[in-house]
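A short write-up of the structure that comes next.
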Amino acid sequence: MKPVLAVTRRLPDAVAKRAAESYDIRTQEDDDPLTRAEILALCHGADAALVSVGDPIDAEFFDHLSD
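Each residue of the sequence shown is one higher than the one before, counting from 0 in numbering that gives the first Met the number 0.
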């Protein structure tokens with residue numbers, strides 16, 4: 000079983016293909032920015048997260064994921 004990688008924005012096809020070799024990719028269907036709640040839901044239970052520079056990530060975000 001591969002680890003789960005949560006991705007908050009669409010990856011270029013070549014990058015997504017390469018990442019899928021090592022991870023089960025969890026992402027959204029479109030490329031619209033996600034809300035904080037949507038990012039938390041996407042990342043919940045994931046082994047790793049690949050977030051965008053504009054995503055609302057802070058210490059509180061990590062506290063929520065550690066539950």
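All C-beta atoms, glycine included, are put in the ideal place defined by N, C-alpha and C.
Going by DSSP, which residues form a beta bridge with residue 23?
According to DSSP, which records beta bridges pairwise, residue 23 is partnered with 3.
Just the C-alpha distance for residue 15 and residue 49, rounded to the nearest angstrom, thanks.
Spanning the two alpha carbons is a distance of roughly 11 Å.
Between residue 1 and residue 23, which are expected to be in contact by the criterion C-beta below 8 Å, what is the C-beta distance as a whole number of angstroms?
So it is a contact: roughly 5 Å between Cβ atoms.
How many Å lie between residue 36 and residue 13 at the Cα?
Each residue's alpha carbon lies about 28 Å from the other.
If I'm right that residue 10 touches residue 46 with Cβ under 8 Å, what's the distance once you round it to whole angstroms?
The Cβ separation is near 17 Å, so there is no contact.
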